[in-house]
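*Asks:*
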Amino acid sequence: MVAENGTEKTNQVEKNDVLKSTQTVIHKALEKLGYPEEVYELLKEPLRMMTVKIPVKMDDGSTKIFTGYRAQHNDAVGPTKGGIRFHPGVTETEVKALSIWMSLKCGIVDLPYGGGKGGIICDPRDMSFRELERLSRGYVRAISQIVGPTKDIPAPDVFTNSQIMAWMMDEYSRIDEFNSPGFITGKPLVLGGSHGRESATAKGVTICIREAAKKKGIQIEGARVVVQGFGNAGSFLSKFMHDAGAKVIGISDAYGALYDPNGLDIDYLLDRRDSFGTVTKLFNNTITNKELLELDCDILVPAAIENQITAENAHNIRATIVVEAANGPTTLEATEILTERGILLVPDVLASAGGVTVSYFEWVQNNQGYYWSEEEVEEKLEKILVKSFKNIYDTAQTRRVDMRLAAYMVGVRKMAEASRFRGWI
Ligand SMILES: NC(=O)C1=CN([C@@H]2O[C@H](COP(=O)(O)OP(=O)(O)OC[C@H]3O[C@@H](n4cnc5c(N)ncnc54)[C@H](O)[C@@H]3O)[C@@H](O)[C@H]2O)C=CC1
Ligand SMILES: O=C(O)CCC(=O)C(=O)O
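Per UniProt numbering, residue 1 is the first one in the sequence shown, and the count goes up by one each step.
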């Protein structure tokens, strides 16, 4: 496992905490809403969890057996939906937690879906293009019985992209003996992808930053922004903030971080990064991810992986607003510390919901065979996220809770109600 700067280590205990802490907040949210204990019993784990072994012929002639997962948290509202992660640190508990977060996101932005998530333990940075294609196709064959356009619809996540979605869609279409663009979202445009999906997660984060900045009296123009992660979410976000006149003073990837108090040249960095969001390897004068998170700034955006802001560094965070583009970057203890310190934390299940929202638009377009312009997509996304931010901010104020608990209260309600009407509880 890569460990250049100490951030790539996989810690099973922390990974377990991701599920436990999610369960803790769900429990609190259900209590606040007055639901009985059996609702928590139903929602605390995914309804279905599939573990698969995927044999892949490697380029050197050997066969490697990969382990993959697909979790389907709750399908009372509709088919499950959520990305697929290719990362060496993937664990079963992480995938379970990620599927629960997807349910919450879909509830928050009011999509007709429940949450799902997938992952494969692998390091795509060490694999060839053809090995990745064989792995992607093998995974789809292995999970094909439980997924499909009306059952569970995957999408991209860490270290997966539109090319991987294309291979997966092609493999599913062969199994289904039917062209099935609605099986997966985040596809290339020529295969039924949607305008705006690639940048959707970052667009959603940008809208949340703008709304949060208004609450804190921060002007975006000239604001100092730090972004951890320079992949799909982090790089588009850096570009949007840069274009809006903010000063992006720090960015990072898995190998280190770059800092310039006068603002980094984001266009240059975008041009030089690779398809895994790696750019810092090109520079000598890097800082660590730990140092990056503790930089003096107005807006901090963790956009990489889980458990980055913890009880250990929460006291040292010097941002006014923290907006979680990544899933689960802040532990519960750290959430409490930041809240006590008056830092406004916009939680992952709201801030990163732009991706699944435009994935839903992609699926709708695939189902109707009629495609929308980028302007239409952006207009619809803007309306949904502004409304969701307001709903959660207002809930936090009126119920005197932090925005994470408010978001869980909003997110959990629809699936609890749908489960009740179906007679499951
Ligand atoms: N792609 C999407 O549509 C969505 C992504 N997210 C979340 O956003 C986060 C980033 O996802 P993407 O940008 O899609 O992934 P990506 O694969 O495009 O980029 C990941 C970035 O994180 C960095 N990274 C990986 N491991 C790291 C580590 N141990 N320490 C520091 N940096 C590390 C990589 O170097 C890269 O810059 C994840 O938490 C993901 O679940 C959330 C919603 C939607
Ligand atoms: O686009 C989607 O369907 C899901 C994106 C995702 O995996 C996430 O929001 O974490």
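A virtual CB, placed ideally from N, CA and C, is assigned to each residue, including glycine.
By the DSSP assignment, the alpha helix (DSSP H) with Ala407 in it spans what residues?
*Replies:* Looking at the DSSP string, the run of the alpha helix (DSSP H) that includes Ala407 is 403-421.
*Asks:* Can you tell which of Val412, Ile384, Lys53 has its C-alpha closest to the C-alpha of Lys203?
*Replies:* The option with the nearest alpha carbon to Lys203 is Ile384.
*Asks:* So the beta strand (DSSP E) Tyr113 belongs to, where does it begin and stop?
*Replies:* Here Tyr113 belongs to no beta strand (DSSP E), and DSSP marks it neither H nor E.
*Asks:* Between Gly115 and Pro156, what straight-line distance do the alpha-carbon atoms span, to the nearest angstrom?
*Replies:* Approximately 14 Å, taken between the alpha carbons.
*Asks:* If you measure from each residue's Cβ to the nearest non-hydrogen atom of ligand 2, which ones come out under 5 Å, in chain order?
*Replies:* Answer in sequence order: Lys81, Gly82, Gly83, Ala155, Asp157, Gly355, Val356, Ser359.
*Asks:* Return the bridge partner residues of Gln228 from the DSSP annotation.
*Replies:* Paired residue(s): Ser252, Pro302.
*Asks:* Compute every distance between the C-beta of Phe66 and the non-hydrogen atoms of ligand 1, then say whether any falls below 7 Å.
*Replies:* Answer for Phe66: no, Cβ out of range of ligand 1.
*Asks:* What does the alpha-carbon distance come out to for the pair Ala334 and Arg420?
*Replies:* About 34 Å.
*Asks:* In this structure, what does DSSP give as the bridge partners for Glu27?
*Replies:* Note that residue 27 is His in the sequence shown here, rather than Glu. Per DSSP, none; premise fails for His27.
*Asks:* Which whole-angstrom value describes the C-beta separation of Gly277 and Ser235, a residue pair presumed to lie in contact below a C-beta threshold of 8 Å?
*Replies:* That pair is a contact at about 6 Å.
*Asks:* Going by beta-carbon coordinates alone, are Met50 and Ile146 separated by less than 8 Å?
*Replies:* Their beta carbons are under 8 Å apart, which means Met50 touches Ile146 by this criterion.
*Asks:* Any heavy atom of ligand 1 closer than 7 Å to the beta-carbon of Ile100?
*Replies:* Not so, every heavy atom of ligand 1 lies at least 7 Å from the Cβ.
*Asks:* Quick check: what's the CA-CA separation for residue 490 versus Leu345?
*Replies:* With the chain covering only 1 through 425, there is no way to say anything about residue 490.
*Asks:* Would you mind stating whether Asp298 and Pro329 have Cβ atoms separated by less than 8 Å?
*Replies:* Against a cut-off of 8 Å, the Cβ pair of Pro329 and Asp298 comes out as no contact.
*Asks:* Assess contact between the segment 316-326 and the segment 207-216, defined as three or more Cβ pairs (one per stretch) separated by less than 8 Å. Is contact present?
*Replies:* A contact exists between the segment 316-326 and the segment 207-216.
*Asks:* CB of Ala334 to nearest heavy atom of ligand 1: below 7 Å?
*Replies:* No, since every heavy atom of ligand 1 falls outside the 7 Å radius drawn around the Cβ of Ala334.
*Asks:* Go to residue 448, then tell me how far its beta strand (DSSP E) extends in each direction, as first and last residue.
*Replies:* The structure shown does not extend to residue 448, since the chain is modelled only from 1 to 425, so the question has no answer here.
*Asks:* Taking only runs of the beta strand (DSSP E) that begin and end inside the segment 40-113, which ones reach a length of at least 3 residues, in chain order?
*Replies:* You should have 48-57, 63-72, 80-87.
*Asks:* Look at Thr339 and Asp260 and say whether their C-beta atoms are less than 8 Å apart.
*Replies:* Against a cut-off of 8 Å, the Cβ pair of Asp260 and Thr339 comes out as no contact.
*Asks:* Restricting to runs no shorter than 3 residues, where is the beta strand (DSSP E) found entirely within the segment 291-351?
*Replies:* Taking only runs of at least 3 residues, the beta strand (DSSP E) segments lying wholly in the segment 291-351 are 299-302, 321-323, 344-346.
*Asks:* Using the three-state DSSP reduction, which class does Leu33 fall into: helix, strand or coil?
*Replies:* Leu33 falls in the helix class under three-state DSSP.
*Asks:* Assuming Val140 contacts Glu177 (C-beta within less than 8 Å), just tell me the rounded distance between them.
*Replies:* Not a contact, Cβ separation roughly 14 Å.
*Asks:* With H, G and I counted as helix, E and B as strand and the rest as coil, what does DSSP make of Lys135?
*Replies:* According to the sequence displayed, residue 135 carries Leu and not Lys. Leu135: helix per DSSP, three-state reduction.
*Asks:* In chain order, what are the residue ranges of uninterrupted alpha helix (DSSP H) at least 4 long that sit wholly in the segment 257-285?
*Replies:* Complete alpha helix (DSSP H) runs here, min 4: 266-272.
*Asks:* Considering only the beta carbon of each residue, do His87 and Val190 sit closer than 8 Å?
*Replies:* Not in contact: His87 and Val190 (Cβ atoms no closer than 8 Å).
*Asks:* For Ser99, I'd like the list of residues in its chain whose CB is within less than 7 Å of its CB, leaving aside the five on either flank, ordered along the chain.
*Replies:* Cβ within range, chain order: Pro46, Ala71, Gln72, His73, Gly82, Gly115, Gly116, Lys117.
*Asks:* Using a 10 Å radius around the Cβ and a threshold of 16 neighbouring Cβ atoms, would you call Tyr35 buried or exposed?
*Replies:* Burial call: buried.
*Asks:* Throw me the rounded Cβ distance for the Ala166 and Pro188 pair, which I believe falls under 8 Å.
*Replies:* Confirmed, Cβ separation roughly 6 Å.
*Asks:* Residues in the same chain with beta-carbon distance under 6 Å from Gly6, minus the five sequence neighbours each way, listed in chain order, please.
*Replies:* Summary for Gly6: the model assigns pLDDT 36, below 50, so the residue's position carries little reliability; its value from the coordinates is reported in the next sentence. Excluding positions up to five away in sequence, the list is empty.
*Asks:* Just verifying my parser: in three-state terms, what is the DSSP assignment at Gly118?
*Replies:* Note: Gly118 maps to strand in three-state DSSP.
*Asks:* What residue does the alpha helix (DSSP H) around residue 428 start on, and which one ends it?
*Replies:* Given that the chain is displayed from residue 1 to residue 425, the structure contains no residue 428 and the question cannot be resolved.
*Asks:* Taking the straight line between their C-alpha atoms, what separation do you get for Lys216 and Gly342?
*Replies:* Looking at the two C-alpha atoms, the distance is approximately 10 Å.
*Asks:* Exposed or buried, which one is Ala407 when buried takes at least 16 other CB atoms within 10 Å?
*Replies:* It counts as buried.
*Asks:* Please specify which runs of the beta strand (DSSP E), each continuous and at least 3 residues long, are wholly inside the segment 358-407, giving them in chain order.
*Replies:* Within the segment 358-407, no complete beta strand (DSSP E) run reaches 3 residues.
*Asks:* Helix, strand or coil: which one does DSSP assign to Lys239?
*Replies:* Of the three classes helix, strand and coil, the one that applies to Lys239 here is helix, per DSSP.
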